[in-house]
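Colleague: Have a look at this one before I ask anything.
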Amino acid sequence: MDHRLARNGVLAMFVALSGACSEPIHHGLNEESANQIVVVLEQHAIEAHKARDPLDDSAWVVSVPSGSRVEAWRILQFEGLPRPRTGGFDKYYPSGGLIPTASEERIVLQYATAQELQRALLKIEGVVDAHVNLVIPQKPRVQLSGDQIERPRASVLVQYRGLDAPPPIDAAGVRELIAGGVEGLEPAAIRVVMTPLVRGGEPLREPALVQVGPLAVAPASKTLLQMLLSTMGAVIMALAAATIYFVSRRGRS
């Protein structure tokens, strides 16, 4: 009984001290987003780990050393991670349900198309964020010969990493992409705003690690690992002394 209690105490202490070494910075991620975050943080010399989200078995959580949280958030903001979740036609046109009116269908089509185009822009390496606003006029039921046809128009805001020179996509390329996704939309009717996101700091480098015995860890984890190893060593010595004591008593009896 005493041995079991001691063993459980060691395990509980190990878990508690290990958990104190790192803290989560993002919950509820899909695996692709979690992998992207881990890769980017490792490239910026921040040790990162992904694990199953305890709040959602289908999601992931990314953790970093406690002392690196602020820097990790700053890096992820600059990199545009995690990517915003956009809903396309699959979200706004589910199967079944009531038949929408012509006006409702136009609004849904307009919004869903904008989301699809935003998703396409975010796929471009170097684009941190993007917003697409579409205006698709309602077509009149009866078209008279003298009526002026109102054309679709759009405005696009693209934010990209300012360290990239030239930008990952220029305004002309954005116009071509947007115009190709909307029927009747001319490139001249698309207003594009490109804004660089500049972040000061050091370039990508190899993760800086320090040695703690045979282990290589991030500098922020060094002290906690030393505490963990010291505590485990003390507990092991206490268990060994207790074992010797109980064995000697049993031998005398």
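Per this note's numbering: the sequence shown ends with 255, consecutive numbering throughout. For each residue, glycine too, the CB sits at the ideal point set by N, CA and C.
#1: If you draw a straight line from the C-alpha of Tyr113 to the C-alpha of Ala181, how long is it?
#2: With burial defined as no fewer than 16 other Cβ atoms inside 10 Å of the residue's Cβ, what is the status of Tyr162: buried or exposed?
#3: Would the beta-carbon of Asn32 fall within 9 Å of that of Trp75?
#4: What is the rounded straight-line gap between the Cα of Ser68 and the Cα of Glu25?
#5: Which runs of the beta strand (DSSP E) spanning at least 3 residues fall entirely within the region 28-113, listed in chain order?
#6: Please classify Thr245 as buried or exposed, where buried requires at least 16 neighbouring CB atoms within 10 angstroms.
#7: For Gln117 and Ala47, I'd like the C-alpha separation in whole angstroms.
#8: DSSP three-state label for Ala122, please.
#9: So, under 8 Å CB-CB, Leu264 and Ala50 are touching, yes? Tell me the CB distance rounded to an integer number of Å.
#10: Whole angstroms are fine: how far does the CA of Gln120 sit from the CA of Leu159?
#11: Considering only the beta carbon of each residue, do Val194 and Arg177 sit closer than 9 Å?
#12: With H, G and I counted as helix, E and B as strand and the rest as coil, what does DSSP make of Val130?
#13: Given that a residue counts as buried once 16 or more other Cβ atoms are within 10 Å of its Cβ, and exposed if not, what is Ile77?
#14: Tell me the rounded alpha-carbon separation between Asp131 and Pro169.
#15: Less than 9 Å between the beta carbons of Val66 and Ile27, yes or no?
#16: For Glu25, which three-state DSSP category applies?
#17: So, with DSSP's three-state summary, where would you put Arg251?
#18: Please list, in chain order, all residues of the same chain as Glu185 whose beta carbon is under 8 Å from its beta carbon, the five residues on each side excluded.
#19: For Thr225, count neighbouring Cβ atoms within 10 angstroms of its own Cβ and tell me buried if that reaches 16, exposed if not.
#20: Buried or exposed: where does Ala174 fall if 16 or more other Cβ atoms within 10 Å of its Cβ makes it buried?
#21: Can you tell me which of the three DSSP states Gln161 falls into?
#22: Measuring alpha carbon to alpha carbon, tell me which of Val40, Met229, Ala191 ends up nearest Glu81.
#23: Quick check on this structure: which residue in Arg252, Ser35, Leu83, Gly183 has the alpha carbon closest to the alpha carbon of Val134?
#24: Distance check for Glu73 and Val64, CA to CA, integer angstroms please.
Modeller: This is what the structure gives:
#1: The count along the sequence shown starts at 1 and reaches residue 113 at position 111. The count along the sequence shown starts at 1 and reaches residue 181 at position 179. Cα-Cα distance, rounded: 15 Å.
#2: Along the sequence shown, read from residue 1 onward, the residue named residue 162 stands at position 160. The residue in question, Tyr162, is buried, as its Cβ has 16 or more Cβ neighbours within 10 Å.
#3: For the purposes of this step, residue 32 is taken as the residue at position 30 of the sequence shown. For the purposes of this step, residue 75 is taken as the residue at position 73 of the sequence shown. Result no, Cβ atoms of Asn32 and Trp75 do not sit closer than 9 Å.
#4: Along the sequence shown, one-based indexing puts residue 68 at 66. Along the sequence shown, one-based indexing puts residue 25 at 23. Looking at the two C-alpha atoms, the distance is approximately 6 Å.
#5: 51-55, 58-67
#6: Position 243 of the sequence shown, counted from the start, is the residue given in the question as residue 245. Exposed, by the Cβ-count rule.
#7: Taking the first residue of the sequence shown as 1, we reach residue 117 at position 115. Taking the first residue of the sequence shown as 1, we reach residue 47 at position 45. For Gln117 and Ala47, the distance between alpha carbons rounds to 34 Å.
#8: By 1-based counting over the sequence shown, the position of residue 122 is 120. Ala122: helix per DSSP, three-state reduction.
#9: This structure leaves residue 264 out entirely; the chain is present only between 3 and 255.
#10: As a first step, residue 159 must be located in the sequence shown, where it is residue number 157. As a first step, residue 120 must be located in the sequence shown, where it is residue number 118. Roughly 10 Å between the two C-alpha positions.
#11: For the purposes of this step, residue 194 is taken as the residue at position 192 of the sequence shown. For the purposes of this step, residue 177 is taken as the residue at position 175 of the sequence shown. Yes, they are a contact pair.
#12: Walking along the sequence shown from the start, residue 130 turns up at place 128. Note: Val130 maps to strand in three-state DSSP.
#13: Against the sequence shown, residue 77 aligns to sequence position 75. With 16 or more other Cβ atoms within 10 Å, it is buried.
#14: For the purposes of this step, residue 131 is identified with residue 129 of the sequence shown, where counting begins at 1. For the purposes of this step, residue 169 is identified with residue 167 of the sequence shown, where counting begins at 1. Their backbone Cα atoms lie some 13 Å apart in a straight line.
#15: Counted from its first residue, the sequence shown places residue 66 at position 64. Counted from its first residue, the sequence shown places residue 27 at position 25. Cβ atoms of Val66 and Ile27: closer than 9 Å.
#16: Taking the sequence shown and counting its residues from 1, the one referred to as residue 25 is at position 23. Correct three-state label for Glu25: strand.
#17: For the purposes of this step, residue 251 is identified with residue 249 of the sequence shown, where counting begins at 1. The answer is helix: DSSP assigns Arg251 an H, G or I state.
#18: Within the sequence shown, residue 185 is the residue found at index 183, counting from 1. Closer than 8 Å at Cβ, skipping near neighbours: Pro154.
#19: Against the sequence shown, residue 225 aligns to sequence position 223. Result: exposed.
#20: The sequence position of residue 174 within the sequence shown is 172, counting from 1. So Ala174 counts as exposed.
#21: Start at 1 with the first residue of the sequence shown, and residue 161 comes out as number 159. Reduced to three states, the DSSP call for Gln161 is strand.
#22: Working through the sequence shown from its first residue, we reach residue 81 at position 79. Ranking the options by Cα distance to Glu81, first place goes to Val40.
#23: Counting from 1 along the sequence shown, the entry for residue 134 is found at position 132. Of Arg252, Ser35, Leu83, Gly183, the residue nearest in Cα terms is Gly183.
#24: In the sequence shown, the residue the question calls residue 64 occupies position 62. In the sequence shown, the residue the question calls residue 73 occupies position 71. If I take the Cα positions, the gap works out to 14 Å.
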